[in-house]
Each structure stands twice: as structure tokens, then as C-alpha cells.
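**Q** For reference, the structure I am asking about is given below.
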Amino acid sequence: MPPVVMSDRKKIYLLAKLPVLNLLFAVGYLALAQCGLVWSSLNSQVSLIWPAAGFALFGLLIFGLRIAPGLFIGAFATNFSIHLYPAFGISFTTFLAGTLVSGAMLLQAIIIARINDGILNRNLLVNLPRTLVFIVSVFLCALIAPSVGVSTFSYIGLVPDDELGKAWAFWWMGDSIGMLTFTALFAWLVIPRVRHNAQAQAFLLLCVGVGLVFFLVSALGYIEHSEAQRLAKAAHEMTLGAKLSERPWYQPSWLQFSALAIGLTMIGLLSAYIRTRQKHDDLLSQNQRKLEEEVLSHTQALRKANDWLLNEVVQRQQAQEQLQESQQALRAREQHLRSLLDNIPDPVWFKNLQGVYISCNKAFAEMLALTEQEIIGKSEEQLVSPELAALFQQNDQATLSSDSAHRYEQLITINNEHRYLLDTIKVALHDDAGEVVGILGIGRDISAQKDAERQLSFAKEAAEEATRAKSRFLANMSHEIRTPLNAVLGYTQLLMRDEHFTGSQRERLQLILVSSQRLLGLINDVLDLSKIESGVLNLRKEYFDLHQEVADIQTIMAERAATKGLQLITQVDLPNPYIVKGDRQKIGQILLNLLGNAIKFTPQGSVSLYVANLQGEVEFVIGDTGPGISEAELAELFAAFKQGQAGEDVGGTGLGLTLSRHLAQGMGGSLQLSSVLGQGTLAHLRLPLLSENIAIDLRDTGAQVTRMAEDCHITALVVEDDFASCEILVDLLQQIGCDTYAAHDGREGLAMCHAHHFDIIFTDIRMPGMNGLEMFRQLRQRPNYQTTPIVAVSASSLEHERTYYLAQGFQEFIGKPYAFDDIFNALRQFTAVRFEGDNHQDAPSSHALTEFPPPDLLPLHSRLQDFAAAAASGDMGSCKRIMAELTLEQLGKQRHQHLSTALRQYDLERVEMLIKQWLAND
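In case it helps, this note's numbering puts the sequence shown at residues 2 to 923.
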């Protein structure tokens, strides 16, 4: 049963917490039951009016079943304390009887509340039909509790058998009168709207009236019956009035009938009066509403007229205020525009189609050396020279004939004194109809800017010339130093191949070789640092085994450490092999530099190298037990040519750490130093080297080369203008079994090629007369030399030169001074030569990861697929070889240029992407 929704339930819900609410209804029920006992009969302990029943029904109509537990507890407490406990004490029978009687009381109240659901809701549905339904349902449902209660009390002996009928009648009448009377009274007391609603008042009057009438009739009957019993008893004793007790107790007397008739009549008359009054009030209300509607209808026209007049007045006032605001805004806008124009440092002016100035700012007036008043209303002819006025008018016509702004630079002279170079913009002004009404112009004096641009251009040309001079110096220095150094290294390597030298002689040769290599390393460091500073150092990306690289470096540095009496401790926590992709040469250069410094500055103790993979990076930790470095010196060690005190004592260039850090940063890594005086120094190198799941050829193809296999025959040509370099290469080729010829410039080389056919040609680039590049181009025009491998061997070993010559078509570029293994690898790669001691046939180049068939056996599409595969595997050597084999006619000029640029930048990913796009499109 849903609870009643009332507008004034705020007061009720202050106590509407469920436990408190149930407790209040339990206590209230018990208290009202005690009041009802006042009207109870002496024998049956039942009352003619039971207020607790009305209280329970009111609660269920208002709060629903939420208060059912409280009502049950109150009813049980009442029955137990008043009827059961005094007679029988505490027992199962008393509890069962109390439960049955209390449950019957609660059940009849719930049924009545369900039948009359909503009678006391927000709309107070208490009309006459619902009121009659309420009264009838009360009388009918009130039969439940008396029937169950009297039966229960009779069964346990609480009500005598001769009192059953009277007890049942009293109980039924008491519950009915209590629910009719007290439900309406509680509604009138608790719900304020009931006190102000006519229908609710009729409901209250009818319910209370019916209840009181039946109470009066029952009371009269009870009094008459009681008096008759008393008289009958007295007459019996006096043997008088035996007939006084002949009428049964339940038979009504004429007095009861009269009271019932009078009461019902009064109730009916009073209800009729209330209904008549309500109708009269409704009629008055209806007439009042009609009158109000008529008055409202008669006043609407007047109100509309008043509203129209008021609106007209308001609109006039608003229009006047808007006009004033518009005028003020216009004046403010004009002042703002004037202030804005005057604060613009550039000249601004307006003029009409007749060329008359209508406005300008202070800067324009100052430029003309006039005031604004002297300018406004005048034309160019009146302000400047005729030549300048004609120039102004010519530009005005160009502006009017253009659909966009007209911009130009103009040199003007004012009063033959002041010269201005103006960057001028003019635009045609249009009105709302789109008609041209004038010209707006703005200019800026760019004289100082042009002077600054000229000075900047001169400075740029000077800087570019300095850069070119630096490049020429580095190239010349590299070439001039590498050429004699090539002789030193070459002759040393040739002598070390001679088995007739003694051990001490070989040690001296080894010392010469090591010293020469250190000098070469110094040259390379200077060149690398220059490239880094210029931002043009390119890093190679190739697959290699980092574990093997660390092992090779350990082998190289262990001998140096042992020479100083130091122990080299190496711990490599990497899988074996550990294939990575990066610049192997630069990584080795950094590690050799750091280990070399550690060995150099450690007088005794040990040097350690620890390698591990940490979160996707490879960390190299180089430690030593040297004297350590102070914080002040540590802060300057990464500056070029800067050394600590120990470095000045031992010697060195001061380039190693600077170059190593730049190389590490160029590879996306970092290099940090930490040191403690007296304990040693730690170098932490971190590089982003990820392990690659790829198989590569790790065989050493240049080791232990003595002679060519007996079934191999190679005829080679060496073109070299430097006598020592030529003699070294010729002797080397002859020692391994090649038929070797020598030429000292390009023309002599061409002549020899005309007289002989060579399997491979090694040529210098810079030579007097005809250089190596020109000789190469002329040879490629000869049919029998279009595919002959030609290898450039030059001291011009800058990276951009190497890239350039490979792009021109040379099969390989070998920089001086070179290791003999580079020559042997070139022979393996570009000829069918095999050497004694080779354990496999057709050994691949140490630079190559993939074998490619001869170019004349593959179409262009297949060669491009091979090119993409080599780029994907990081094989720069094979990429350069295939690029050299592909002609400009095969690729096309644009594609050839894109590939050459990507290869020069060592961007193999872009090479792969370009080739795949072309293959997909073709």
C-alpha cells in the first residue's frame, strides 16, 4: 500500500525514521487502548468504542505498511497486558492467543486501508460515494477481529460461554465506532487541508456522526440492559417484576430505535446542509470567475492600448539612447582610429579617386616635412615634385586596375634632401555597394633593412668562403698527409709479410705500423670533429655481432694493458652472438678511446670493461684504478683540446673524449664520466642497440691471405701518380700472384687499357694531366670496359667525396692509407679470385650480407629487388655496388638523384621505401 503524499508532510516526516515511527505507533496504540477500556463491559472486557482501532487505520492510510510492525507490537502488548497475562501469566498459550488476536486486528485495518487507498492523499478524494464505501467497509471488515478474538478468548476460557454473543457485539461495535470516529478525527487534527476543504468536512461530519449515533444507541442499550439486570435481581429478591428480564439483551428497545432514527436524521440534514452550502459556495465562485473574466475581457483592449503606448515610448527612448551611444561610439572609434594611425611608425594615407588626400597619420606628414592640415585636401602635384607626383599617380592606377593589393619598392627624395626607400602597399577602398571610392596606402622605410641585408650577405659570403677554405684545407691536409702515410703503412705491411725478418726486426716494424696507425687515427679524429661541428657526419647502419666486437677490442687492448703491467678485466652480460644494427666502426672507436685513456692514465692496478643490456640500451662501463679526476678538471674534459693535469703530463691531443661524446650523442646515446680522487674513474656509455633476430656471415675473409689459388689468374692495372703508393700496391698484387701493370696518370692508363685487357683497375683520383674520374668516364664508353670493375684508391677520403665517387659508378672507394684486407676484399667481391687458405668457395665480402648475380644476367626489376633487400639488411657496401651498376638511363634522372641523395646520407630506410614505391607503381 503506497503511503499518502501530502504537501505538509514535513512535520510528519520529522518523525518518519522507521524505528522511531514504529515505536510511536506502538506506544500510541497501547495508550489509546487504555483509554478505550473506560467503556468496556465488566464481564467481557470489551469496549463500546475502541480509539486504538481508528488510530491504527489512520496510520495505515497515511504511512502504509511501514508502521505495521509497530501496530502489531502495540496490539500484542495491549492484549497480553490487559487480558492474557493477568489471567494466565506467561505461557505459550498466552503468546499464541495474543498473536492471533493482534494479527486479526492488523489484518482488518490493512484490508480497510487497501479498499480506501488514496482517500486521504494530496487531492483528498473524500466525496460522498467514497465516504459511503469507507463506512460500509469499516462495518463489514470490523467483523474479522471480533470473530477471531472472541473465538480465541472463549477457547482459552477468558470469556464465558453465556457472554460470547455480547462480547462479540461489543467488540464489533467498538472497533467500528473507533475506526469511524477516530480515523476522521485524527485526519482533521493532523492534515491541515482537511480543516479547509468542504468535502473533507462532510467526510468528517458523516463518519463522526455515524460513529457517535451508533455509540449512543449501543450505550443506551448497554445502560438499559445493565439496569434491567439490576432491577430483575432486586425483584427476584422481593418476588416482584419477573417480566423485566424477559427481553433478550440483543433486542433493541424503542429508545434505541428513536436515538438511532434521530441521529441518522440529524446527520442526513446536516450533510444536506453542508452539501447545499458547498453548492452555494461553488455557484458564488463560478459567478465571481465569470465576473472576473468579463472585467478582464473589457480591460484587455485598454491594456493593449496602454501597452502599445508604453512600448512606443520605450522604443523612442531606446532609439534616442542608441543614437546617442552610436554617436559616442563613432567619436570613440574615430579617436581610436586616429590614435592608432598616429602611433603607427610607418606612413599611412588615404586619398580619393581624384588624388586628393583626405587623411594621413603623423609619420606621413613628418616624411613630407609638412603638417596634417597642410596635406589634407591637396593632391600630389601640390605637395611633391612633378616627377614624384607622376610616379605616385602611376602606382595609383596600377592599384585601381588590380583586384588585390599592389606592393612595390620605391626610392623617393623629399625636398632634395631626404631619401627614402619605401616598401609600399596600396589597396583600393570600396563602399557598401562595392564601388571604388579611394586608395589606402602604407609604406615602410627599408633603407636600414637593405643595408643590413647587404652586410649580412657580405658576412654570409665571407662565412661560406671560410667554410670552403676550411673544407679545402681539411681535404688538402687529409690528401697530403695520407699520401706519404700510405707509403709508410704500405711498406710496413709489405715488410711484415716478408718471412726473412727476425723477431726484433718485426717488433720494430710493428712499432712503425702502430705509430702510423695512431697518426692516421689523429687525422681521422680531426676530420670527424670537423664533420660533427658542421653537422655533416654520417653514421653507417650495418648488422654486426657486438659480442664479437667487444672480444676483438679486448684482444687489442689486453696487450697494451699487459705492457704497462695492468690487468684488463672484461665482463660481457650479452648473448653470444648479439646481433645489432649500427656503426660498428664508430662504436669500436669510442670503446678503444675510452679503454686507451683508462690504460694511459692508470699507473698500476687494473682496467675493467662491463657490458650489459639495460632496458633496451646497451651500457658500457669502463673503470680504472687510476689517480682520479677533480671536479674542476672533469667539467672541462669534454671540451675540444682540453686536458687535465694528468693528460698534459702523459700527452695527447685532447680530442678523444670530445669526439666520443659527439659520436655517442649522434647515435642517440650518452657518455658520462664520474671520478673520485685517489680511487679512479668510471665512464658510462649508453647506446640504443637493440638485438636483431637475423643471421649474418661472420667469417673473416681477409685473414691469412698469402697468394691466389693456382687455378686463378687476374690481370690488374694500378693507375697512381705517387711513386711510393704505386709501388706498394703493385708489389702487393704481384706478391699474391696478379699480373700487374702500372700507369702514372689517366692518359697512360687509357693507353694501357687500349693495349691490354684488365680484370680489375685500381686508380687514384687526383693526378696531373687526366685525373682518375675522367679516365673512368672514358673507359666506360669503351664496349670492352663497360662492366670492368674499377676501384678508386685515393687519399681524398672525406665522406662526401667517397659518396660522390661511388655515385659516379666506381665499384668501390678505398681511402689511403688502407689495410691490405681492403684490397683483398675488393678482389674477392669484384673478380672470381680465390686465395690459398680460403675454406669456402666464392666467399662473400666482409662488407656484404647478400650475394648478387652478375648485373648483365638480371633485369632492372630484379636488380631493384636486390637493392631493396640489401637496404633492408643494412648492407651499405652492396647498396653502393648495385647503385654503381645501375645507369642513369636505366633509373631515370629523378630516381637516380633520389637514390644517390639517400645513399650519401646513409639513409637506407629511405632507399628501401623509394624502391618499394617504384616497384609497386611499375
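Even for Gly, the Cβ is constructed at its ideal location relative to N, Cα and C.
Spell out a yes or no on whether the segment 711-721 and the segment 740-749 are touching, meaning 3 or more CB-CB pairs, one atom from each, closer than 8 Å.
**A** Verdict: yes, contact present.
**Q** For the alpha helix (DSSP H) that Glu560 lies in, which residues bound it at each end?
**A** For the purposes of this step, residue 560 is taken as the residue at position 559 of the sequence shown. Per DSSP, Glu560 belongs to the alpha helix (DSSP H) from Leu547 to Thr564.
**Q** Along the chain, where does the beta strand (DSSP E) that runs through Gly356 open and close?
**A** Start at 1 with the first residue of the sequence shown, and residue 356 comes out as number 355. Gly356 -> no beta strand (DSSP E), and no H or E assigned at all.
**Q** Taking Glu620 as part of the beta strand (DSSP E), name the residues at either end of that continuous run.
**A** To locate residue 620, count along the sequence shown from 1; it is residue 619. Looking at the DSSP string, the run of the beta strand (DSSP E) that includes Glu620 is Glu618 to Asp625.
**Q** Go through the segment 560-609 residue by residue and report every complete run of the beta strand (DSSP E) that reaches 3 residues or more, in order.
**A** Counting whole runs of 3 or more residues, the segment 560-609 contains the beta strand (DSSP E) stretches 568-574 and 580-583.
**Q** Between the C-alpha atoms of Ser405 and Arg420, what's the straight-line distance to the nearest angstrom?
**A** As a position in the sequence shown, residue 405 is number 404, starting the count at 1. As a position in the sequence shown, residue 420 is number 419, starting the count at 1. Straight-line Cα distance between these residues: approximately 28 Å.
**Q** My understanding is that Leu129 touches Ile192, with C-beta atoms under 8 Å, so please give their C-beta distance in whole angstroms.
**A** Here residue 129 is taken as the residue at index 128 of the sequence shown, counted from 1. Here residue 192 is taken as the residue at index 191 of the sequence shown, counted from 1. At roughly 19 Å, the Cβ-Cβ gap does not stay under 8 Å, so Leu129 and Ile192 are not in contact.
**Q** Between the segment 102-116 and the segment 138-150, can you find at least three pairs of beta-carbon atoms closer than 8 Å?
**A** Cβ pair count under 8 Å is three or more, so yes.
**Q** Ignoring anything shorter than 3 residues, give me the beta strand (DSSP E) runs that lie fully in the segment 747-815, in order along the chain.
**A** You should have 761-764 and 791-795.
**Q** In three-state terms, what does DSSP make of Pro3?
**A** Taking the first residue of the sequence shown as 1, we reach residue 3 at position 2. Any answer about Pro3 is weak, because its pLDDT of 46 lies below 50 and its placement is not dependable; what the coordinates show is given next. Pro3 falls in the coil class under three-state DSSP.
**Q** Assuming the contact rule is C-beta atoms closer than 8 Å, Ala69 and Leu107 should be a hit. Round their C-beta distance to whole Å, please.
**A** Translated into the one-based positions of the sequence shown, residue 69 becomes position 68. Translated into the one-based positions of the sequence shown, residue 107 becomes position 106. Right, the Cβ-Cβ distance comes to about 6 Å (below 8 Å), so this counts as a contact.
**Q** Cβ of Tyr806 within 7 Å of any heavy atom in the ligand SAH?
**A** Of ligands this structure carries none, so the ligand SAH is not represented either.
**Q** Helix, strand or coil: how does DSSP classify Gln328 here?
**A** Residue numbering aside, residue 328 sits at position 327 when the sequence shown is read from its first letter. In the structure shown, Gln328 sits in a helix (DSSP, three-state: H, G or I).
**Q** Do you know whose CA, among Val151, Glu335, Asp162 and Asp867, lies nearest Trp169's CA?
**A** Indexing the sequence shown from 1 puts residue 169 at position 168. Selected option, being the one with the closest Cα: Val151.
**Q** How many Å lie between Leu674 and Thr603 at the Cα?
**A** By one-based count along the sequence shown, residue 674 stands at place 673. By one-based count along the sequence shown, residue 603 stands at place 602. Taking the straight line from one Cα to the other gives about 16 Å.
**Q** Please list the terminal residues of the continuous beta strand (DSSP E) segment that includes Thr741.
**A** Looking up residue 741 in the sequence shown gives position 740. Taken as a continuous stretch (DSSP letters only), the beta strand (DSSP E) holding Thr741 covers Asp740 to Ala744.
**Q** Output needed for Glu693: all residues of its chain with C-beta closer than 8 Å, excluding positions within five of it in sequence on either side, in chain order.
**A** Looking up residue 693 in the sequence shown gives position 692. Answer for Glu693: Tyr544, Ile580, Val581 and Lys582, listed in chain order.
**Q** What span of residues does the beta strand (DSSP E) with His407 cover, start to end?
**A** In the sequence shown, the residue the question calls residue 407 occupies position 406. It spans His407 to Ile415 - the beta strand (DSSP E) in which His407 sits, taken as one unbroken run.
**Q** Around the C-beta of Ile916, are 16 or more other C-beta atoms found within 10 angstroms, so that it is buried, or is it exposed?
**A** Start at 1 with the first residue of the sequence shown, and residue 916 comes out as number 915. By the 10 Å Cβ count, Ile916 comes out buried.
**Q** Identify the continuous beta strand (DSSP E) that holds Thr132 and give its terminal residues.
**A** Position 131 of the sequence shown, counted from the start, is the residue given in the question as residue 132. From DSSP, Thr132 is part of no beta strand (DSSP E) but of the alpha helix (DSSP H) over Leu129 to Cys142.
**Q** Cα-Cα, which of Lys461, Leu423, Leu324 and Leu678 is closest to Tyr409?
**A** In the sequence shown, residue 409 corresponds to position 408, counting from 1. It is Leu423 whose Cα lies nearest to the Cα of Tyr409.
**Q** How far does the alpha helix (DSSP H) with Leu733 in it extend, from its first residue to its last?
**A** Taking the first residue of the sequence shown as position 1, residue 733 is located at position 732. From DSSP, the alpha helix (DSSP H) with Leu733 extends over Phe724 to Gln736.
**Q** To the nearest angstrom, how far is it from the Cα of Glu381 to the Cα of Lys461?
**A** Counted from its first residue, the sequence shown places residue 381 at position 380. Counted from its first residue, the sequence shown places residue 461 at position 460. When rounded, the distance between both Cα atoms is 42 Å.
**Q** Which first and last residues belong to the beta strand (DSSP E) in which Thr716 is found?
**A** Along the sequence shown, one-based indexing puts residue 716 at 715. Residues Thr716 to Val720.
**Q** In the DSSP assignment, the beta strand (DSSP E) including Asp424 goes from what residue to what residue?
**A** By 1-based counting over the sequence shown, the position of residue 424 is 423. His419 to His431 is the extent of the beta strand (DSSP E) around Asp424.
**Q** With H, G and I counted as helix, E and B as strand and the rest as coil, what does DSSP make of Ala613?
**A** Counting from 1 along the sequence shown, the entry for residue 613 is found at position 612. In this structure, Ala613 counts as strand in the three-state DSSP scheme.
**Q** Helix, strand or coil for Trp919 per DSSP?
**A** As a first step, residue 919 must be located in the sequence shown, where it is residue number 918. Looking at Trp919 - three-state DSSP - the assignment turns out to be helix.
**Q** Inspect the CB distances between the segment 161-175 and the segment 204-213 and report whether three or more fall short of 8 Å.
**A** Not touching, per the Cβ criterion.
**Q** Please go through the same chain and pick out, in chain order, the residues whose beta-carbon is closer than 7 Å to the beta-carbon of Ala563, but skip the five residues on each side of it.
**A** Taking the sequence shown and counting its residues from 1, one reaches residue 563 at position 562. Once the five neighbours on either side are set aside, Ala563 has no close Cβ partner at all.
**Q** Name the DSSP bridge partner or partners of Gly442?
**A** Stepping through the sequence shown from its first residue, residue 442 is reached at position 441. Note: Gly442 sits in a beta bridge opposite Trp350 and Lys427.
**Q** Between the Cα of Gly55 and the Cα atoms of Asp163, Cys208, Leu97 and Ala78, which residue gives the shortest distance?
**A** Here residue 55 is taken as the residue at index 54 of the sequence shown, counted from 1. Looking at the Cα atoms, Cys208 is the closest of the given residues.
**Q** What do you get for Tyr806, buried or exposed, if any count of 16 or more other CB atoms within 10 angstroms of its CB means buried?
**A** The residue given as residue 806 occupies position 805 in the sequence shown. It counts as buried.
**Q** Could you work out which residue in Phe26, Ala32, Phe154 and Gly90 is closest to Gly60 when comparing CA atoms only?
**A** For the purposes of this step, residue 60 is identified with residue 59 of the sequence shown, where counting begins at 1. Ranking the options by Cα distance to Gly60, first place goes to Phe26.
**Q** Check whether the Cβ atoms of Gly681 and Gly750 sit closer than 8 Å, and answer yes or no.
**A** For this step, residue 681 is matched to residue 680 along the sequence shown. For this step, residue 750 is matched to residue 749 along the sequence shown. Cβ atoms of Gly681 and Gly750: not closer than 8 Å.
**Q** Below 8 Å on the Cβ atoms is my guess for Leu401 versus Val438; work out the distance and round it to an integer in Å.
**A** What you label residue 401 is simply residue 400 of the sequence shown in a count that begins at 1. What you label residue 438 is simply residue 437 of the sequence shown in a count that begins at 1. No, Leu401 and Val438 are not in contact; Cβ-Cβ is about 11 Å, not under 8 Å.
**Q** Name the one or two DSSP bridge partners that Tyr544 has.
**A** On the sequence shown, position 543 is the one that residue 544 refers to. In the DSSP output, where bridge partners are listed per residue, Tyr544 has Lys582.
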